[in-house]
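Chemist: Going by the UniProt record's numbering, the sequence shown opens with residue 1, and the numbers climb by one from there. Take a look at the following structure, please.
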Amino acid sequence: MDFERTTATTASLPETLHQPSAASQAPIIVGIPTEELEIEEPGVPEDNNISYPTGTKLWLAILSLAVTSFVSSADVTVIAIAVPSLTNEFHTINDIGWYSASYMMVIGATGFFFGKAYTLFNTKRIYLLSLVIFWIGSIICTFATSSAMFVAGRAILGLGCSCESAGFVTLVSTLFPKHKRPRWIGNIYFVGSAGLVSGPLIGGLLIQRFGWRACFGINICLYGFCTALAVYGIPSGDKLSKEGLPLKQKLKELDLAGGLIFAPALTSLLLALAWGGTTYGWNDPRMITLFVLTAALFVIFAGLQWYLGEQASIPPRILKQRSILAGTFFSACCNGALNVTENYIAIYFQSVRGLTPTQSALLGIPMIVGLMAASIIAGWGSTLIGYYNPFLIITSVVAPIASGILTTISLDSQIALASGLLGLLGFAIGIGLNIPVMAVSSILEPEEVSIGAAIVLFGGSMGSATFSAVAATLFQDRLNKDVNQYAPGTNVTSLAHTGLSDIRKVIGEDKLKSILMGYDEAVMQTLYIPVALTALTIVGSLLTEWHSIKKKRE
1 MDFERTTATT
11 ASLPETLHQP
21 SAASQAPIIV
31 GIPTEELEIE
41 EPGVPEDNNI
51 SYPTGTKLWL
61 AILSLAVTSF
71 VSSADVTVIA
81 IAVPSLTNEF
91 HTINDIGWYS
101 ASYMMVIGAT
111 GFFFGKAYTL
121 FNTKRIYLLS
131 LVIFWIGSII
141 CTFATSSAMF
151 VAGRAILGLG
161 CSCESAGFVT
171 LVSTLFPKHK
181 RPRWIGNIYF
191 VGSAGLVSGP
201 LIGGLLIQRF
211 GWRACFGINI
221 CLYGFCTALA
231 VYGIPSGDKL
241 SKEGLPLKQK
251 LKELDLAGGL
261 IFAPALTSLL
271 LALAWGGTTY
281 GWNDPRMITL
291 FVLTAALFVI
301 FAGLQWYLGE
311 QASIPPRILK
321 QRSILAGTFF
331 SACCNGALNV
341 TENYIAIYFQ
351 SVRGLTPTQS
361 ALLGIPMIVG
371 LMAASIIAGW
381 GSTLIGYYNP
391 FLIITSVVAP
401 IASGILTTIS
411 LDSQIALASG
421 LLGLLGFAIG
431 IGLNIPVMAV
441 SSILEPEEVS
451 IGAAIVLFGG
461 SMGSATFSAV
471 AATLFQDRLN
481 KDVNQYAPGT
491 NVTSLAHTGL
501 SDIRKVIGED
511 KLKSILMGYD
521 EAVMQTLYIP
531 VALTALTIVG
541 SLLTEWHSIK
551 KKRE
């Protein structure tokens, strides 16, 4: 889950944990002092007369979400470390953009659908469905025999992540009152960040010892465990759903027609971005057709949403809120920047610098640690000062600086410099990354939170998917030009069918350094995309409304 992040990146990260031995004992939770564990007395209503769970039921719910968060977050980052091995296995670099883009594209295409589903059906059952879908996707990725099959598996993983992410904030909203949600969302993202940290490390070790398939095979067991925890730990969640509506009315409100229009619109857009300038020229009839089809489908979808009103996947009333739009844009920029940086810095470490997957993962740890530390600081800080806007501004100021300096590293730079800059960039993005989700939980009523979260999730996932496709196109284009510049006469076409970490095996020593300089230049040129995206976050930061989340006292 990008991710935003998704998530980012993508945007789907559940919680933290330790099971109490008795109701009178305060459980120990990572990063949370025991005095914070005093929850409202049973039966005391807050936020539209919702009575929040207490005791063992509450902590079992947190534990189940925490394990899911850790596993799904680890899956997000493991793909970056696995890309070189995947290119070795499938003998192509043409699909590297789709390993992330397919995942994020499905999240973006289905997030609205699942967001609405959580308002209509039993939330626990939908959440369990998400875990089963993710489990199936893991099986397909593990046993993939071709690059296309692996991309399909990643798309199914995205479907599971989308369903899971859309219900995350809704579940948190049923566990805690408004004034505690930002803190707990921060704590939950902290656990997800621990998964982000562990993903590359565990993935690197598994790749070296067992091969890349083990990175996804391990999820088959872990997600079975997550499902068992969810069955026993997650409350039924009927209070916020329209359980009394007839099935026919529920299906009508799901806006299936909107989903059938929206999914191909996104697919045609990403195909155009992935093929343009490389597979086909921009003026090729196929490219023109794709862009026209994309525009037509988006116009039809927008018209349908306006016509359906409150029954639409994206009710115009919610979409019109300034903070929702600003948060969606901010999330798209942050998740796009993170996704591109993670993927191409892994290529830099393993292909250009010749490091092993484990060494590459270790050097990438500062970035994830920065994200992890920043998420907990932002959650607690927002609760302490009562506003989340300052953390958005910090991201917009510091992240472009860190991302810009990262593009200056070269073959002669100290490898530790790149690792340190990744740490700074991770912290800078992480301090504001989860704020749009916190804003959703604060400005919308509990029954609307899943829809608002789906809108922000869409921004994060589409930022990752779109700019993954754009980055892959730019990288391939720059690779052709830069390799020919530094090593004239090289058969660049043959390099496209050579695994990224196999370059040293197939190229002689006399040309190796020149070709690596071309790869280095191509990677650095691609990393200008995160520089632009982090700079653009200032738009979302300034447009987000200043809304106090302090608990109102009688």
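Just so you know, even glycine gets a beta-carbon here, dropped at the ideal spot from N, CA and C. Owing to the predicted nature of the structure, the values given are computational and were not obtained by experimental measurement.
(1) Strictly by DSSP, which residues pair up with residue 276?
(2) On a Cα-Cα basis, can you pick out the residue from 214, 147 and 106 that is closest to residue 93?
(3) Span of the alpha helix (DSSP H) holding residue 285?
(4) Would you mind working out which of 180, 331 and 320 sits nearest residue 380, comparing C-alpha positions?
(5) Which first and last residues belong to the alpha helix (DSSP H) in which residue 312 is found?
(6) Grab the span of the alpha helix (DSSP H) containing residue 556 for me, first residue to last.
(7) Here's a check: name, in chain order, each residue in its chain whose Cβ is nearer than 7 Å to the Cβ of residue 219, leaving out the five neighbours to either side.
(8) Any chance you could list the alpha helix (DSSP H) runs of at least 4 consecutive residues sitting entirely within the segment 508–533, in chain order?
(9) Figure out for me which residue from 533, 295 and 517 has the closest Cα to the Cα of residue 464.
(10) Give me the Cα-Cα distance between residue 37 and residue 62, rounded to the nearest whole angstrom.
(11) Can you have a look at residue 253 and say buried or exposed, based on whether 16 or more other CB atoms are within 10 angstroms of its CB?
(12) Please report the residue range of the alpha helix (DSSP H) in which residue 250 lies.
(13) Residue 356 and residue 525 - do their beta-carbons sit closer together than 9 Å?
(14) Can you have a look at residue 416 and say buried or exposed, based on whether 16 or more other CB atoms are within 10 angstroms of its CB?
(15) Once DSSP output is grouped into helix, strand and coil, what is the label at residue 409?
(16) Between the beta-carbon of residue 358 and the beta-carbon of residue 457, is there less than 9 Å?
(17) Looking only at its own chain, which residues have a Cβ that is under 8 Å from the Cβ of residue 22, when we skip the five neighbours before and after it?
(18) Could you give the uninterrupted runs of the alpha helix (DSSP H) lying entirely in the segment 142–224, keeping only those of 4 residues or more?
(19) Tell me the rounded alpha-carbon separation between residue 230 and residue 84.
(20) Going along the chain, which residues of its own chain have a beta-carbon closer than 6 Å to the beta-carbon of residue 312, five neighbours each way excluded?
(21) Considering only their Cβ atoms, is the gap separating residue 259 from residue 308 smaller than 9 Å?
(22) When the Cα atoms are used, what is the spatial distance from residue 546 to residue 315?
(23) State buried or exposed for residue 290, treating a residue as buried only when at least 16 other CB atoms are found within 10 Å of its CB.
(24) Starting from residue 330 and walking both ways along the alpha helix (DSSP H), at which residues does that stretch end?
(25) So, at 7 Å on beta carbons, what are the nonlocal neighbours of residue 144 in its own chain, with the 5 sequence-adjacent residues on each side left out?
(26) Can you tell which of 511, 407 and 321 has the C-alpha that lies nearest to the C-alpha of residue 448?
(27) Take residue 59 as the anchor and find which of 274, 288, 175 and 135 has the nearest alpha-carbon.
(28) Pull up the distance between the alpha-carbon of residue 422 and that of residue 461, whole angstroms please.
(29) In this structure, does DSSP put residue 353 in helix, strand or coil?
(30) So, for residue 265: in the same chain, excluding its five sequence neighbours on each side, which residues have a beta-carbon less than 7 Å away from its beta-carbon?
(31) Just checking, does the segment 152–168 make contact with the segment 422–436 on the three C-beta pairs under 8 Å criterion?
(32) Taking the C-alpha atoms as reference points, what is the distance between residue 441 and residue 64?
(33) For residue 414, does the count of other Cβ atoms within 10 angstroms reach 16, so buried, or fall short, so exposed?
(34) Check whether the Cβ atoms of residue 513 and residue 362 sit closer than 9 Å, and answer yes or no.
(35) Mapping DSSP to helix, strand and coil, what is residue 545?
Modeler: On the basis of the data shown:
(1) According to the DSSP secondary-structure assignment, residue 276 is paired through a beta bridge with 280.
(2) Per the Cα distances, 147.
(3) From DSSP, the alpha helix (DSSP H) with residue 285 extends over 285–308.
(4) If we check each option's Cα against that of residue 380, 180 comes out closest.
(5) Unbroken run through residue 312: none, as it is neither H nor E.
(6) With the chain represented from 1 up to 554, any question about residue 556 goes unanswered, as that position is not in the structure.
(7) Scanning its chain for C-beta atoms nearer than 7 Å, with the 5 sequence neighbours on each side dropped, one finds around residue 219 the residues 71, 75 and 138, in chain order.
(8) As far as the segment 508–533 is concerned, its whole alpha helix (DSSP H) runs of at least 4 residues are 509–526.
(9) Per the Cα distances, 533.
(10) Confidence at residue 37 is low in this model, with a pLDDT of 38, below 50, so the placement of that residue is unreliable and no value is reported for it.
(11) Counting other Cβ atoms within 10 Å of its Cβ, residue 253 reaches 16 or more and is therefore classed as buried.
(12) Under the DSSP assignment, residue 250 falls in the alpha helix (DSSP H) whose first and last residues are 247–253.
(13) Their beta carbons are not under 9 Å apart, which means residue 525 does not touch residue 356 by this criterion.
(14) Under a 10 Å Cβ-count criterion, residue 416 is classified as exposed, with fewer than 16 other Cβ atoms of the shown protein chains found around its own Cβ.
(15) In this structure, residue 409 counts as coil in the three-state DSSP scheme.
(16) Not a contact, by the Cβ cut-off of 9 Å.
(17) Residue placement at residue 22 cannot be trusted, given a pLDDT of 30 that sits under 50; what the coordinates show is reported in the next sentence. Contacts found: none.
(18) Fully enclosed alpha helix (DSSP H) runs of 4 or longer: 147–175 and 181–209.
(19) Rounded to the nearest whole angstrom, the C-alpha separation of residue 230 and residue 84 is 35 Å.
(20) Scanning its chain for C-beta atoms nearer than 6 Å, with the 5 sequence neighbours on each side dropped, one finds around residue 312 the residues 255 and 305, in chain order.
(21) The answer is no: Cβ separation not under 9 Å.
(22) Residue 546 and residue 315 have their C-alpha atoms spaced approximately 23 Å apart.
(23) By the 16-neighbour rule on beta-carbons within 10 angstroms, residue 290 is buried.
(24) Element bounds for residue 330: 322–347.
(25) Apart from the 5 residues on each side of it in sequence, residue 144 sits with its Cβ closer than 7 Å to the Cβ of 150 and 153 in its chain, given in chain order.
(26) Ranked by Cα distance from residue 448, the options 511, 407 and 321 are led by 321.
(27) Looking at the Cα atoms, 175 is the closest of the given residues.
(28) Counting only the Cα atoms, residue 461 lies some 21 Å from residue 422.
(29) Looking at residue 353 - three-state DSSP - the assignment turns out to be coil, as it is neither helix nor strand.
(30) If we look at residue 265 and ignore the five residues flanking it on each side, its Cβ neighbours are 294, 297, 298 and 301.
(31) The segment 422–436 and the segment 152–168 do not touch, with fewer than three beta-carbon pairs separated by less than 8 Å.
(32) The alpha-carbon separation between residue 441 and residue 64 amounts to approximately 21 Å.
(33) Counting the other CB atoms within 10 Å of its CB gives residue 414 a total below 16, which places it among the exposed residues.
(34) No.
(35) Of the three classes helix, strand and coil, the one that applies to residue 545 here is coil, per DSSP.
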